[in-house]
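Colleague:
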Amino acid sequence: MKIATYNVNGVNGRLPVLLRWLKESAPDVVCLQELKAPQEKFPLQAITDAGYNAIWYGQKSWNGVAILAKGMEIHETRRGLPGDPEDLHSRYIEAAINGMVIGCLYLPNGNPAPGPKFDYKLAWFKRLTAYSSKLLKKDIPVILTGDFNVIPTEQDAKKPENWVRDALFFPESRDAYKKLVAKGWTDALRKLYPDEKIYTFWDYFRNAFARDSGIRIDHFLLSHHFDKRLVAGGVDREVRSWEKTSDHAPVWIEVKDR
DNA sequence: ATGCCGTGGAAACCACGA
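The first sequence finishes on residue 257 if you use numbering that gives the first Met the number 0, and the numbering steps up by one all the way, no holes.
#1: Give me the DSSP bridge partner(s) of Thr4.
#2: How far does the beta strand (DSSP E) with Phe117 in it reach, from first residue to last?
#3: Is there contact here, the stretch 94-114 with the stretch 158-169, by at least three beta-carbon pairs under 8 Å?
#4: Taking the straight line between their C-alpha atoms, what separation do you get for Gln38 and Arg205?
#5: Name the DSSP beta bridge partners of Arg77, please?
#6: Here's the rule: buried if 16 or more other CB atoms are within 10 angstroms of the residue's CB, otherwise exposed. What is Trp42?
#7: Label Ala94 either buried or exposed according to how many other C-beta atoms from any shown protein chain fall within 10 Å of its C-beta, with 16 as the threshold for buried.
#8: Enumerate in chain order the residues of its own chain whose CB-to-CB distance from Glu75 is below 6 Å, with the five nearest sequence positions on each side excluded.
#9: Bridge partners of Asn52, per DSSP?
#10: Identify whether Val163 lies in helix, strand or coil by the three-state DSSP scheme.
#11: Count the other C-beta atoms from every protein chain shown that fall within 10 angstroms of the C-beta of Val230, then say buried if there are 16 or more, exposed otherwise.
#12: Considering only C-alpha positions, which residue in the set Lys190, Tyr130 and Arg78 is nearest to Gln58?
#13: How would you label Arg257, buried or exposed, when you count the other beta carbons within 10 angstroms and need 16 or more for buried?
#14: Just list the alpha helix (DSSP H) runs in the stretch 150-218, keeping only unbroken ones of 4 residues or longer that don't cross its boundaries, in chain order.
#15: Here's the rule: buried if 16 or more other CB atoms are within 10 angstroms of the residue's CB, otherwise exposed. What is Gly63?
#16: Just list the residues that DSSP pairs Ala231 with in beta bridges.
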């Protein structure tokens, strides 16, 4: 089963690119972030016509997450991250699909840092870490994936020195990611390619993609149930070169069915 | 490298992103 994550940066503006990628890459499950569309403006018809069921958690202008599944039922298990009833951002949605739980997340960016937005990022991280422990305790196969807005290590940036004053690479952000993973998760792409440079995002400006000046911020965290089930993974880099594309590229893994 | 580009929504510019 192929599972992908893709920060589309506007699901409606990105629809031609999204549909082309769905057709060419044919993932079984897709987690989308940054829909930038209210609940009623999700392009359900086009997604359905492409062969996918969908659940989504929209929001006007910003954020927004969705889970798509091809020919499989989606049982929604949660929308919104627990731990702060005043947090109304659409940044988390979760579903049971084909015997596993898949959490789709869009972690706050946190810039400018320091400041209230950075505080929100760290608070969100804490809530995610606490909740992730509860997921692991259920002892069922779980995947947490999406845009974590964290560059985990220097290996994950072409030019780490460019990011030292950025919330994505602040020590607090990296520590938070480390603490989350330490709860018992496996960073799937890093496990598959321990020594490679892997990027999932390239800025729109400064010709970043042509220079391959990228960062790795879209991740797959797997529960131990996948230790012997993870067979492949990668980044669909070519999508980043298409017309009217997102600044992120889709990332995917392939897991064996039990 | 201080958003240089891109998206969405409101207003003919602004907020936000990473």
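Think of the CB as a built atom: it goes at the ideal place given N, C-alpha and C, for glycine as much as any other residue.
Modeller: According to the structure shown:
#1: Mapped onto the first sequence, residue 4 falls at position 5. Its beta-bridge partners are Cys30 and Val250.
#2: Here residue 117 corresponds to residue number 118 of the first sequence, with the count starting at 1. For Phe117, no beta strand (DSSP E) run applies; the uninterrupted alpha helix (DSSP H) run containing it begins and ends at Pro115 to Lys136, by DSSP.
#3: yes
#4: Within the first sequence, residue 38 is the residue found at index 39, counting from 1. Within the first sequence, residue 205 is the residue found at index 206, counting from 1. Rounded to the nearest angstrom, the two C-alpha atoms are 34 Å apart.
#5: Here residue 77 corresponds to residue number 78 of the first sequence, with the count starting at 1. Here Arg77 is bridged, per DSSP, to Glu93.
#6: Within the first sequence, numbered from 1, the residue matching residue 42 stands at position 43. Here the sequence assigns Pro to residue 42, which means Trp is not the residue at that position. Buried is the call here.
#7: On the first sequence, position 95 is the one that residue 94 refers to. It is buried - the Cβ of Ala94 has at least 16 other Cβ atoms within 10 Å.
#8: Here residue 75 refers to the residue found at position 76 when the first sequence is read from its first residue. Excluding residues within five positions, the ones whose Cβ falls inside 6 Å are Ile54 and Ala94.
#9: Start at 1 with the first residue of the first sequence, and residue 52 comes out as number 53. Partner(s): Ala68.
#10: The count along the first sequence starts at 1 and reaches residue 163 at position 164. It is coil, neither helix nor strand.
#11: For the purposes of this step, residue 230 is identified with residue 231 of the first sequence, where counting begins at 1. Val230 comes out exposed.
#12: If you number the first sequence from 1, residue 58 lands on position 59. When each option's Cα is compared against that of Gln58, the closest is Arg78.
#13: Numbered from its first residue, the first sequence carries residue 257 at position 258. Classification for Arg257: exposed.
#14: Counting only runs of 4 or more, we get 170-181 and 187-191.
#15: Here residue 63 refers to the residue found at position 64 of the first sequence. It counts as buried.
#16: Here residue 231 is taken as the residue at index 232 of the first sequence, counted from 1. DSSP output for Ala231 lists Glu253 as bridge partner(s).
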